[in-house]
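In our numbering, the protein residues as written are 44 to 308. Each residue gets a CB set at the ideal place from its N, CA and C atoms; glycine is no exception.
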Amino acid sequence: MTKFLILLVLLVVTQPAIADATLTIKSYTDKDSEHHLIYYIKNGVLRYSEQGSKRINLYDKSRQVFLSIDQEKQTISRIDKDILSKHVEGLQRQRLVALAEAEKQLADQIKSSDITKRTLAETAINQLRYPEFYGAHTHIKTEKTSTTKTLNGVDCELYNILRNHQLLKQICMADYKAMNLNAEDYDTLRQFLRFDYSTQTQLMIAQGKTDFILIDYDEENIAGVPIEISTISEHENKLILLLDKINTDTLDASLFEAKIQNPGK
44 MTKFLILLVL LVVTQPAIAD ATLTIKSYTD KDSEHHLIYY IKNGVLRYSE QGSKRINLYD
104 KSRQVFLSID QEKQTISRID KDILSKHVEG LQRQRLVALA EAEKQLADQI KSSDITKRTL
164 AETAINQLRY PEFYGAHTHI KTEKTSTTKT LNGVDCELYN ILRNHQLLKQ ICMADYKAMN
224 LNAEDYDTLR QFLRFDYSTQ TQLMIAQGKT DFILIDYDEE NIAGVPIEIS TISEHENKLI
284 LLLDKINTDT LDASLFEAKI QNPGK
């Protein structure tokens, strides 16, 4: 009996703490106005919504499914691997039409003896024909700095994002322990960040648009969660995202239900 009680105590002590997470994030628009994004995380599902918006967004880690619920229009939109592939295929077809037109317009420059004109024309054609291998995004590099910061009580490490050696963005990454997140909630958030990166970049590349500064943290072997993001230019450094606060109180499961609320209520 004594051995049983000792074993029971050990099981209770070593059982990992289970907690949900609520992250409130300040986001800044081009007009310098501040609004809040709220992330709720529970049991492998992430919900986020924007201040003043009646749209609810749900990401299910296990199914790799994203749902966007518009309470005003009473509609639910879905993104998964198959749906994304169809969108990408459609955008690729449109890009190939634009490619054929561009080749006609640049035909004289491609045949030109002027090396500068020919190089510019060939670059433009290659970006439309093979955007995954050409374009601005292929020149993005990440660089870990020696700078650490403490933002609203959370420690983070600063990374530089460069393109062709020009500093374009700085991101401060916080360890999940510093954020008081459990491993499950942290993994859900990381999976969502990668899903979001993959969705956005696939759609842009399919259109031949490669002038983006987005990072796949897994691919770059960067641990943690971004709690501050700033863009850098010759004229100004602009804060675009900042973690405001974290709460680990238990969340109601109804927050994560994919349903349209009765507009009359």
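Secondary structure at T293: coil, using DSSP grouped into helix, strand and coil. Using a 10 angstroms sphere on the CB of Q137, the tally of other CB atoms stays under 16, which defines it as exposed. When DSSP assignments are scanned along the stretch 85 to 172, the uninterrupted stretches of beta strand (DSSP E) that are 3 or more residues long and fall wholly within it turn out to be 88 to 93, 98 to 103, 108 to 113 and 118 to 122. At a Cβ-Cβ threshold of 7 Å, I204 and T185 count as neighbours.
Only exposed fits D295, as fewer than 16 other CB atoms lie within 10 angstroms of its CB. In this structure, F238 is the residue among F238, Q209 and E227 with its C-alpha nearest to the C-alpha of K124. Judged by DSSP in its simplified three-state form, L232 adopts helix.
Under DSSP, I183 shares a beta bridge with R206. DSSP, reduced to helix, strand and coil, places E175 outside both helices and strands of the structure shown, so it counts as coil. For R121, the closest alpha carbon among the candidates Q234, K85, D103 and A217 is that of D103. Secondary structure of T242 (DSSP, three-state): helix.
Annotation for T166: Y177 place their beta carbon closer than 8 Å to its own, counting only its chain and skipping 5 residues before and after. In the structure shown, the three-state DSSP call for L224 is coil. The Cβ atoms of T67 and H78 lie no closer than 7 Å to each other.
Partner residues in a beta bridge of K302, as assigned by DSSP, do not exist. Within a 10 Å sphere around the beta-carbon of I99 sit 16 or more other beta-carbons, which makes this residue buried.
Counting the other Cβ atoms within 10 Å of the Cβ of I214 gives 16 or more, which makes it buried.
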